[in-house]
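Asker:
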Amino acid sequence: MKQKRLWNIGNRGVETIEMVLVLPVFIILLFSGFEYGWAVLKLIQLDHVANLGARVAALSGSTNSDVQNSVNSALSDFGIAGSTITISPQDPANAVFGTPIVVMVETPYSQVQLLGLSGVMPLPTSLKGRASMVKEPEP
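Heads up: the sequence shown begins at 1 in the numbering used here, then just goes up one per residue.
#1: With DSSP as the reference, identify every bridge partner of Ala-131, one or two as the case may be.
#2: In the stretch 12-99, which residue ranges form an unbroken beta strand (DSSP E) of at least 3 residues, counting only runs that do not cross its ends?
#3: To the nearest angstrom, report how far apart Pro-142 and Leu-117 are at their CA atoms.
#4: Between Ser-62, Pro-89 and Leu-123, which has its C-alpha nearest Ser-32's C-alpha?
#5: Pick from Val-102, Ala-131 and Ser-126: whose alpha carbon is nearest that of Val-40?
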C-alpha cells in the first residue's frame, strides 16, 4: 500500500511568496534601466545641440543671438525646455580666427526625466552638453 506524502501539502503558495518578494525588485531594476537609458539619450542630445551651437558660433559673422536661436531651435526639436546656454567668448562675432569657441548647454534633469524616479534611485540633478570649435577665417 502506498503512503501519501504529507510534507508536500506545506509547499502550497511558495511560488506566490517568491513572486511577491522578487517582482518588486525586478520592476525597480527594469524601470531603473529605462530611466538611466533615457538620461543617456538626453545627454547625447544635449551634446548634439551644443555641437550645433558651436558650429554656428565658429562661422564668420555669427552673433551671440544666432547661436542662441540655433540652440533653442534644436532644443525644442528634442523636447527639452528650461536650458541654460553658455557661450565663451561672449560674442563670437568678435572672436579672432583660431580662437576656440565653447558652447555649453545645461538643463535640470527634472525637465527631461522619463518616469520621475528621483526619490527611488540616484539620478543627476542636471545634464550638461559641451562642444568647442575653432573660429573660422573670414571669407
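We put the beta carbon where it would ideally sit given N, CA and C, even for glycine.
Answerer: Answer, in terms of the structure:
#1: Here residue 131 refers to the residue found at position 131 when the sequence shown is read from its first residue. Val-103, per the DSSP bridge assignment.
#2: Annotation note: the stretch 12-99 contains the following uninterrupted beta strand (DSSP E) runs of length 3 or greater, listed N- to C-terminal: 84-88.
#3: What is shown of the chain runs 1 to 139, which leaves residue 142 out entirely.
#4: One-based indexing of the sequence shown puts residue 32 at position 32. Cα-wise, what sits closest to Ser-32 is Leu-123.
#5: As a first step, residue 40 is located in the sequence shown; it is residue number 40 there, counting from the start. Each of Val-102, Ala-131 and Ser-126 was checked against the Cα of Val-40, and the nearest Cα belongs to Ser-126.
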